[in-house]
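If you use our numbering, the sequence shown corresponds to residues 1254 to 1383, in order. Even glycine gets a Cβ: it sits at the ideal position worked out from N, Cα and C. Take a look at the structure set out below.
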Amino acid sequence: MKKCKTIGESEEMKKVGSKIFTTVYPGCESFVGNDDKYFRCMAHSIVITLNHQTGTAKMGNPRDPTTVVDPKLRVKTISHLRVVDASVMPNIPGGNTNVPTMMVAEKGSDIIKEDIRCEADNDLHSFFIE
């Protein structure tokens, strides 16, 4: 961000009429003038997702009335149903949600195999050879 600011304030950019957008982000006002602290605050303040929603099915203690799924990803009050996607993420990842969602799915599959006492390691090769 500092490099972008330096480029934006350069003589070359001024020659073409470029101007820095100078909105002060809410919550970061006290850091104006200290680029390191201000940019850190701004980066934390404006992290959003446009089409990768997360956190819509809160995971937590089964006794907590605000949770949707328990730590084993089971939907409370509905038998035999689990949520194994980005819905259970408590925080929005700083990047694309694809890989974190795959990690949730892998962990979910491990939990399901453990719960049904599945001994297989999904090794189809050995399944067909034996």
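(request) Compute the beta-carbon to beta-carbon distance between residue 1353 and residue 1343, rounded to the nearest angstrom, for a pair I have assumed lies under 8 Å. (result) The count along the sequence shown starts at 1 and reaches residue 1353 at position 100. The count along the sequence shown starts at 1 and reaches residue 1343 at position 90. 11 Å between Cβ atoms; not a contact.
(message) residue 1319 and residue 1329 - do their beta-carbons sit closer together than 8 Å?
(response) Translated into the one-based positions of the sequence shown, residue 1329 becomes position 76. Translated into the one-based positions of the sequence shown, residue 1319 becomes position 66. No, they are not a contact pair.
(message) If I follow the unbroken alpha helix (DSSP H) through residue 1291, where does it start and stop?
(response) As a position in the sequence shown, residue 1291 is number 38, starting the count at 1. Where residue 1291 is concerned, the enclosing alpha helix (DSSP H) stretches over 1288-1298.
(request) Please report how far the alpha carbon of residue 1284 lies from the alpha carbon of residue 1278, in whole angstroms. (result) Locating residue 1284 in the sequence shown gives position 31, where the first residue counts as 1. Locating residue 1278 in the sequence shown gives position 25, where the first residue counts as 1. Computed Cα separation, rounded: 10 Å.
(message) Whole angstroms are fine: how far does the CA of residue 1365 sit from the CA of residue 1333?
(response) In the sequence shown, the residue the question calls residue 1333 occupies position 80. In the sequence shown, the residue the question calls residue 1365 occupies position 112. Residue 1333 and residue 1365: Cα-Cα distance of roughly 11 Å.
(request) Would you decide whether residue 1307 is buried or exposed? Buried here means 16 or more other CB atoms lie within 10 Å of its CB. (result) For the purposes of this step, residue 1307 is taken as residue 54 along the sequence shown, with counting starting at 1. With 16 or more Cβ atoms within 10 Å of its Cβ, residue 1307 is classed as buried.
(message) So the candidates are 1338, 1368 and 1314; which of them puts its Cα closest to the Cα of residue 1350?
(response) Within the sequence shown, numbered from 1, the residue matching residue 1350 stands at position 97. Closest by alpha carbon: 1338.
(request) Compute the distance between the beta-carbons of residue 1361 and residue 1326, then report whether it is under 8 Å. (result) For the purposes of this step, residue 1361 is identified with residue 108 of the sequence shown, where counting begins at 1. For the purposes of this step, residue 1326 is identified with residue 73 of the sequence shown, where counting begins at 1. It is a contact, given that the beta carbons lie within the stated cut-off.
(message) What would DSSP say about residue 1266, mapped onto helix, strand or coil?
(response) The count along the sequence shown starts at 1 and reaches residue 1266 at position 13. DSSP places residue 1266 in helix when its eight states are reduced to three.
(request) Give a yes or no on whether the C-beta atoms belonging to residue 1267 and residue 1288 are separated by under 8 Å. (result) Start at 1 with the first residue of the sequence shown, and residue 1267 comes out as number 14. Start at 1 with the first residue of the sequence shown, and residue 1288 comes out as number 35. No. Outside cutoff.
(message) Between 1272, 1273 and 1295, which has its C-alpha nearest residue 1280's C-alpha?
(response) The residue given as residue 1280 occupies position 27 in the sequence shown. Put simply, of 1272, 1273 and 1295 the residue whose alpha carbon is nearest the alpha carbon of residue 1280 is 1295.
(message) On the DSSP letters alone, give me the boundaries of the alpha helix (DSSP H) that residue 1352 sits inside.
(response) Numbered from its first residue, the sequence shown carries residue 1352 at position 99. Bounds of the alpha helix (DSSP H) holding residue 1352 are 1351-1368.
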